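*Asks:*
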Amino acid sequence: MDEKTLLPTTTPTITISPPTPSNPNSSNQNGRDKHALRRFLVAVCLMVMVWTLCGLDMDLDDNDILSEWSLEQMPITTIDTFTVPITDIDVGGDADHEPVPLEAHIMSKCPDARDCFRELVLPAMQRVHTKVNFTLSFIGTPTNGDDGVACKHGPEECLGNIIELCAQKLYPDPKIFLGFTMCLAKNYHEIPQRSLIEDCALEHAIDFDQLNQCATKDDGALGIGLLRDSVKRSADAGVTKSCTVRLDNEIFCIRDGGKWSDCPHGSSVNDLVLAVEKLYGREV
1 MDEKTLLPTT TPTITISPPT PSNPNSSNQN GRDKHALRRF LVAVCLMVMV
51 WTLCGLDMDL DDNDILSEWS LEQMPITTID TFTVPITDID VGGDADHEPV
101 PLEAHIMSKC PDARDCFREL VLPAMQRVHT KVNFTLSFIG TPTNGDDGVA
151 CKHGPEECLG NIIELCAQKL YPDPKIFLGF TMCLAKNYHE IPQRSLIEDC
201 ALEHAIDFDQ LNQCATKDDG ALGIGLLRDS VKRSADAGVT KSCTVRLDNE
251 IFCIRDGGKW SDCPHGSSVN DLVLAVEKLY GREV
């Protein structure tokens, strides 16, 4: 997790020594001294108030990098937990309609994947999760001769990819594995540190031991197999950039280099939701 600067838990103690009048018999001098003391006390109080307020603001920013975004864009729930609100508008799918394929291709240690999740994928999924078949896939390069995979950000990213694939395999409900993946993505530079994975697993009711067994079973063969299959899926789809969002097996939008591109139908949450609704309403 990001290191935080410890803020004082109490306001600083300031000792005030009022000036001693040079002439105790002078009422005018006493009046000036009292007036100066009052002004000094007011200034000190203002300093303490500013100190305290600034401390609270700094703690909020450091404690949750998405706090401001969450409050403005996600009034129903926080982005971390990905709880699904129950509304009269989204009542789920039915037997007369097939769920629409929705897929996100990412790299676990990529900041564009984090932005893609928090700005588009998760808020859209909250509204159409019952009408899509969501898949999380990964981008990499299969290596020749050893059945391995090379990842752009190194072996640590490969392990992060495997952990997130294991979460998807063990907990196929997107409300669980997407929330877990977003939790890791918020601190992508720390992947795959054990403390981060344990914290995110605990937060989203995922069994850490099961994750570990999945990633290391058969000397890692299971995890590497999951990653190779996922990387091949992305390659077969012609996807090379993290994060690429595909809807109904077509590119919907790409987040790369901190910008959205190749978004013929728009890059907003509403654009994705409307596209899903249109495809879901088509005749089977």
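Numbered according to UniProt numbering, the sequence shown spans residues 1 to 284.
Cβ coordinates follow ideal geometry from the N, Cα and C atoms, glycine included.
Predicted model only: the values in this text are computed from it and were never measured.
1. Starting from the C-beta of residue 244, find all residues in its chain whose C-beta is less than 7 Å away, skip the five residues before and the five after it, and write them out in chain order.
2. Helix or strand or just coil, what does DSSP make of residue 206?
3. Report the CB separation of residue 174 from residue 138 in whole angstroms; it is logged as a contact under 8 Å.
4. So, helix, strand or coil for residue 104, using DSSP?
5. Classify residue 61 as helix, strand or coil using the three-state DSSP reduction.
6. Would the stretch 103 to 117 and the stretch 137 to 155 be scored as touching if the rule is three or more Cβ pairs under 8 Å?
7. How would you write the range of the beta strand (DSSP E) that residue 157 sits in, first residue to last?
8. Please classify residue 143 as buried or exposed, where buried requires at least 16 neighbouring CB atoms within 10 angstroms.
9. Within 10 angstroms of its Cβ, does residue 234 collect 16 or more other Cβ (buried), or is it exposed?
10. Mapping the DSSP letters down to three states, classify residue 282 as helix, strand or coil.
11. Quick one: residues in its chain with C-beta nearer than 6 Å to the C-beta of residue 273, no 5 flanking neighbours on either side, listed in chain order?
12. What do you reckon, are the CB atoms on residue 249 and residue 101 nearer than 9 Å?
13. Hey, how far is the Cα of residue 149 from the Cα of residue 281?
14. What residue does the alpha helix (DSSP H) around residue 288 start on, and which one ends it?
15. Ignore the nearest five residues each way along the sequence and tell me which others in residue 16's own chain have a CB closer than 6 Å to its CB.
16. Who are residue 142's beta bridge partners in DSSP?
17. Return the CA-CA distance between residue 165 and residue 155, expressed in angstroms with no decimal places.
18. Given a cut-off of 9 Å, decide if residue 192 and residue 163 are closer than it, judged by their beta-carbon atoms.
19. Kindly indicate which three-state DSSP category residue 98 falls into: helix, strand or coil?
20. As a quick exercise: from 145, 161, 131 and 132, pick the residue whose alpha carbon is nearest that of residue 113.
21. Using 9 Å as the threshold, is the C-beta distance between residue 179 and residue 203 below it?
22. Is the beta carbon of residue 247 less than 9 Å from the beta carbon of residue 269?
23. Pull up the distance between the alpha-carbon of residue 208 and that of residue 263, whole angstroms please.
24. May I ask which residues mark the beginning and end of the alpha helix (DSSP H) holding residue 183?
25. In its own chain, which residues sit with a C-beta less than 6 Å from the C-beta of residue 210, not counting the 5 before and 5 after it?
*Replies:* Considering the structure as presented:
1. Taking the sequence shown and counting its residues from 1, one reaches residue 244 at position 244. Excluding sequence neighbours, residue 244 sits near 105, 251 and 254.
2. Taking the sequence shown and counting its residues from 1, the one referred to as residue 206 is at position 206. Looking at residue 206 - three-state DSSP - the assignment turns out to be coil, as it is neither helix nor strand.
3. On the sequence shown, position 174 is the one that residue 174 refers to. On the sequence shown, position 138 is the one that residue 138 refers to. Contact doesn't hold; Cβ gap of about 16 Å is too wide.
4. Counting from one through the sequence shown, the residue named residue 104 turns up at place 104. Correct three-state label for residue 104: strand.
5. Numbered from 1 along the sequence shown, position 61 holds the residue referred to as residue 61. Reliability of the predicted coordinates at residue 61 is poor, the pLDDT of 32 falling under 50, and no value is obtained from them.
6. Proximity of the stretch 103 to 117 to the stretch 137 to 155 meets the contact definition, three or more beta-carbon pairs being nearer than 8 Å.
7. Residue 157 sits at position 157 when you count from the first residue of the sequence shown. Segment 155 to 170 is the alpha helix (DSSP H) holding residue 157; no beta strand (DSSP E) there.
8. The residue given as residue 143 occupies position 143 in the sequence shown. Counting the other CB atoms within 10 Å of its CB gives residue 143 a total below 16, which places it among the exposed residues.
9. Here residue 234 corresponds to residue number 234 of the sequence shown, with the count starting at 1. Counting C-beta atoms within 10 angstroms of its own C-beta, residue 234 has 16 or more neighbours from the protein chains shown and is therefore classed as buried.
10. Your numbering for residue 282 matches position 282 in the sequence shown. Shown here, residue 282 sits in coil according to DSSP, grouped into three states, outside any helix or strand.
11. Locating residue 273 in the sequence shown gives position 273, counting from the first residue. Answer for residue 273: 124, 127 and 128, listed in chain order.
12. For the purposes of this step, residue 249 is taken as the residue at position 249 of the sequence shown. For the purposes of this step, residue 101 is taken as the residue at position 101 of the sequence shown. A Cβ-Cβ contact shorter than 9 Å links residue 249 with residue 101.
13. For the purposes of this step, residue 149 is taken as the residue at position 149 of the sequence shown. For the purposes of this step, residue 281 is taken as the residue at position 281 of the sequence shown. Roughly 39 Å separates the two Cα atoms.
14. Any property of residue 288 remains undetermined from this structure, which presents the chain solely from 1 to 284.
15. Looking up residue 16 in the sequence shown gives position 16. Its pLDDT being 32, under 50, residue 16 is placed unreliably in this model, and the value from its coordinates should be taken loosely. The answer is none, since no qualifying residue turns up.
16. In the sequence shown, the residue the question calls residue 142 occupies position 142. The beta-bridge partner set that DSSP reports for residue 142 consists of 149.
17. Position 165 of the sequence shown holds residue 165. Position 155 of the sequence shown holds residue 155. Inter-residue distance for residue 165 and residue 155 is about 15 Å (C-alpha atoms, whole angstroms).
18. Numbered from its first residue, the sequence shown carries residue 163 at position 163. Numbered from its first residue, the sequence shown carries residue 192 at position 192. At the C-beta level, residue 163 and residue 192 come within 9 Å of one another.
19. Taking the first residue of the sequence shown as position 1, residue 98 is located at position 98. Residue state, collapsed to three classes: coil.
20. The residue you call residue 113 lines up with position 113 of the sequence shown. With distances taken between CA atoms, residue 113 lies nearest to 161 out of 145, 161, 131 and 132.
21. The residue you call residue 179 lines up with position 179 of the sequence shown. The residue you call residue 203 lines up with position 203 of the sequence shown. When the beta-carbon positions are compared, residue 179 and residue 203 come within less than 9 Å of each other.
22. Numbered from 1 along the sequence shown, position 247 holds the residue referred to as residue 247. Numbered from 1 along the sequence shown, position 269 holds the residue referred to as residue 269. No, they are not a contact pair.
23. Counting from 1 along the sequence shown, the entry for residue 208 is found at position 208. Counting from 1 along the sequence shown, the entry for residue 263 is found at position 263. The alpha-carbon separation between residue 208 and residue 263 amounts to approximately 37 Å.
24. Position 183 of the sequence shown holds residue 183. Per DSSP, the continuous alpha helix (DSSP H) segment holding residue 183 begins and ends at 174 to 186.
25. If you number the sequence shown from 1, residue 210 lands on position 210. Around residue 210, the same chain offers 170 as residues with beta carbons nearer than 6 Å, after the five sequence neighbours per side are excluded.
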